[in-house]
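As structure tokens, the structure follows; a few thoughts come after it.
Residue numbers (the working numbering): 162 to 344.
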């Protein structure tokens, strides 16, 4: 699912008008935030809240932008663009899209950056671009301690890749030479 991070609400509040609307997508925001947090955001922005199903699927939006001074959108970047396009008006996104992730318990972990150059078949199904804080493509850095990353208190992606490649009987493929990615 898409991972969202709220923008600085105090900065956004400085842009409020007399009559505000917060359009909320029914998908990504509720995966990232509780219903209470979404409702609280509407209160903080002094906004009427309208929830729409899957904004990225171009739903019919029965809102007259002329009725509002400001229209805020809580959705991924694609959904925010759809609202602006469908309503043909300026919008203010209240969240940033940071990646694609999974939810494990209460934690949301980023697993994919949607880079367009997937290497999962070469790395035992683990994305080193997103799961390694340094996005290293040729093995672990020198800062790994007891299988943990020096940047964050997470398992080193390359140690996980190494273990899985051994498990799948493909470790020889892992230690081969790789041509660097050029963009």
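For glycine and all other residues, C-beta sits at the position ideal for the given N, C-alpha and C.
Proximal residues to residue 281 (C-beta, below 8 Å), its chain only, five neighbours per side dropped: Translated into the one-based positions of the chain shown, residue 281 becomes position 120. Counting only Cβ-Cβ distances below 8 Å, and skipping sequence neighbours, we find 287, 288.
Cα-Cα separation, residue 322 to residue 164: Walking along the chain shown from the start, residue 322 turns up at place 161. Walking along the chain shown from the start, residue 164 turns up at place 3. Whole-angstrom Cα-Cα distance: 23 Å.
is_contact[residue 284, chain C] using C-beta, thresh 8 Å: No chain C is part of this structure, which consists of one protein chain only.
Sequence-distant residues of its chain with Cβ nearer than 6 Å to residue 245 (five each side left out): Taking the chain shown and counting its residues from 1, the one referred to as residue 245 is at position 84. Here the set comprises 252.
Residue span of the beta strand (DSSP E) that contains residue 257, given as start and end: Residue mapping note: residue 257 aligns to position 96 of the chain shown, counting from 1. Taken as a continuous stretch (DSSP letters only), the beta strand (DSSP E) holding residue 257 covers 256 to 265.
Spatial distance of residue 329 from residue 318 (CA atoms): By 1-based counting over the chain shown, the position of residue 329 is 168. By 1-based counting over the chain shown, the position of residue 318 is 157. Answer to the nearest angstrom: the Cα atoms are 16 Å apart.
Rounded separation between residue 242 and residue 296 - CA only: In the chain shown, the residue the question calls residue 242 occupies position 81. In the chain shown, the residue the question calls residue 296 occupies position 135. For residue 242 and residue 296, the distance between alpha carbons rounds to 28 Å.
DSSP-derived helix/strand/coil call for residue 246: The residue given as residue 246 occupies position 85 in the chain shown. If DSSP states are grouped into helix, strand and coil, residue 246 belongs with the helices.
Enclosing alpha helix (DSSP H) for residue 193 [first to last residue]: Residue mapping note: residue 193 aligns to position 32 of the chain shown, counting from 1. Its alpha helix (DSSP H) spans residues 189 to 193.
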